[in-house]
Amino acid sequence: MDGQTELKERKTVSLLVPVFNEESTVEIFYSTVRSCEGMAAYRVEIIFVNDGSTDQTEKKLEQLAEKDPDIKVVTFMRNFGKEAALCAGLEFAQGDAVIPMDVDLQDPLETAILMLQRWEDGCDVVLAKRVDRTSDNIFKRTTAKLFYKFYNAISHTKIEENVGDFRLLDRKIVDNLKLLQEKNLFMKGLFSWVGAEHVGIVEYKRAKRVGGKTKFNSWKLWNFAIDGLTGYSTIPLRIWTYLGAFIASISFILATKIIVSKIFFGNDVKGYPSTIVCILFLGGIQLIGIGVLGEYIGRIFSEVKNRPRYIIRKTKNL
9 MDGQTELKER KTVSLLVPVF NEESTVEIFY STVRSCEGMA AYRVEIIFVN
59 DGSTDQTEKK LEQLAEKDPD IKVVTFMRNF GKEAALCAGL EFAQGDAVIP
109 MDVDLQDPLE TAILMLQRWE DGCDVVLAKR VDRTSDNIFK RTTAKLFYKF
159 YNAISHTKIE ENVGDFRLLD RKIVDNLKLL QEKNLFMKGL FSWVGAEHVG
209 IVEYKRAKRV GGKTKFNSWK LWNFAIDGLT GYSTIPLRIW TYLGAFIASI
259 SFILATKIIV SKIFFGNDVK GYPSTIVCIL FLGGIQLIGI GVLGEYIGRI
309 FSEVKNRPRY IIRKTKNL
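So for the sequence shown, the working numbering puts the first residue at 9; every next one is plus one.
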């Protein structure tokens, strides 16, 4: 059997890698993948989605693509965000299995190899679950834990705790994901919503970045959490119905008490300070409720405009 025939018979694995200003890591990532013996049994294509980088990332990606036809580069017109980059990568991925992962090698290739083994055993989806978050500060660990618990409590579509985008997706799962057209993206929710017949889990410890700095700050993570909560549950809206009914009931009881006290006991109606407190409290509750409603209306507004999730400026080897 010659080399060309053997290459055609090997299964193809697509590594889906969003990048944004990662000039210090893309070459390290590429050389690490190509020198990984555990990947030698597969034809490995690497799909870099350049999410509007402003440094030398684009130039370095094109240099890699020039010498390796299995390097595919998708360059956005501007920064559209990681979720859009993941969607673009899924659109162009041709592999029998697709593995989204970070370019900084915090998602270890050793774990990817374990996921491939579980895939070969028959799993349609293999999740990479973090068993150690000591590299995160206590605030991030606490808020992450609270998010997973709250999300799974209110959403019909559950997500596995401490599992990010790093996972393996079989080709049929990827094809199903490509059918989903919403514009407000929360990929963990989409991955879970599609479902799978056989799901495996491998545990791993997240490594340190090989270079560069994280692009996610607390504000971005907060907005990301809001997108997830409002994208897959209407319970936040329903809560305000119940809260309104509860406050109205309390108000009715208090009003009855005041009327009875005045008619039968002749007590003066006092309580200017408490009245002001009640007005401010109810006003605050109403504004919060309007804010929650606004989040959902804003998402409807984005969806009905039907704009594309991203705009591609150019591609390489596609």
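Just so it is clear, CB atoms sit at the ideal spot from N, CA and C, and this is done for glycine as well.
{"Asked": "Buried or exposed by the 16-neighbour rule on C-beta atoms within 10 Å, applied to residue 237", "Found": "buried"}
{"Asked": "Sheet register partners of residue 108 (DSSP bridge)", "Found": "24"}
{"Asked": "Collapsed DSSP secondary structure at residue 129 in the structure displayed", "Found": "coil"}
{"Asked": "For residue 194 and residue 239, the rounded distance between their alpha carbons", "Found": "7 Å"}
{"Asked": "Cross-strand partners of residue 55 (DSSP beta bridge)", "Found": "24 and 80"}
{"Asked": "Beta carbon of residue 40 nearer than 8 Å to that of residue 135", "Found": "no"}
{"Asked": "Neighbour-count burial assignment, residue 182, 16 or more Cβ in a 10 Å radius", "Found": "buried"}
{"Asked": "Range of the contiguous beta strand (DSSP E) that encloses residue 323", "Found": "320 to 324"}
{"Asked": "Residue 214 classed as buried or exposed, judged by whether at least 16 other C-beta atoms fall within 10 angstroms", "Found": "buried"}
{"Asked": "Segments assigned alpha helix (DSSP H), at least 4 residues, entirely inside the region 136 to 209", "Found": "146 to 162, 179 to 185 and 195 to 202"}
{"Asked": "Presumed contact (8 Å Cβ cut-off) between residue 72 and residue 50, rounded CB distance", "Found": "Contact doesn't hold; Cβ gap of about 19 Å is too wide."}
{"Asked": "Validate contact between the region 122 to 130 and the region 194 to 203 using beta carbons, cut 8 Å, 3 pairs", "Found": "no"}
{"Asked": "Cβ-Cβ distance between residue 100 and residue 60 below 8 Å", "Found": "no"}
{"Asked": "Where residue 74 falls: helix, strand or coil (DSSP)", "Found": "helix"}
{"Asked": "Whole-angstrom distance between residue 132 and residue 174, CA atom to CA atom", "Found": "14 Å"}
{"Asked": "Residue 19 - DSSP class collapsed to helix/strand/coil", "Found": "coil"}
{"Asked": "Range of the contiguous alpha helix (DSSP H) that encloses residue 100", "Found": "90 to 100"}
{"Asked": "C-alpha distance - residue 114 paired with residue 299, whole-angstrom precision", "Found": "36 Å"}
{"Asked": "Alpha carbon of residue 109 to alpha carbon of residue 89, nearest angstrom", "Found": "15 Å"}
{"Asked": "Residue 102 and residue 169 closer than 8 Å at C-beta", "Found": "no"}
{"Asked": "Residue 326 burial status per 10 Å Cβ neighbour count (16 or more: buried)", "Found": "exposed"}
{"Asked": "Integer Cβ distance of residue 26 from residue 130, believed to fall under 8 Å", "Found": "With a Cβ gap of about 29 Å, residue 26 and residue 130 do not count as contacting."}
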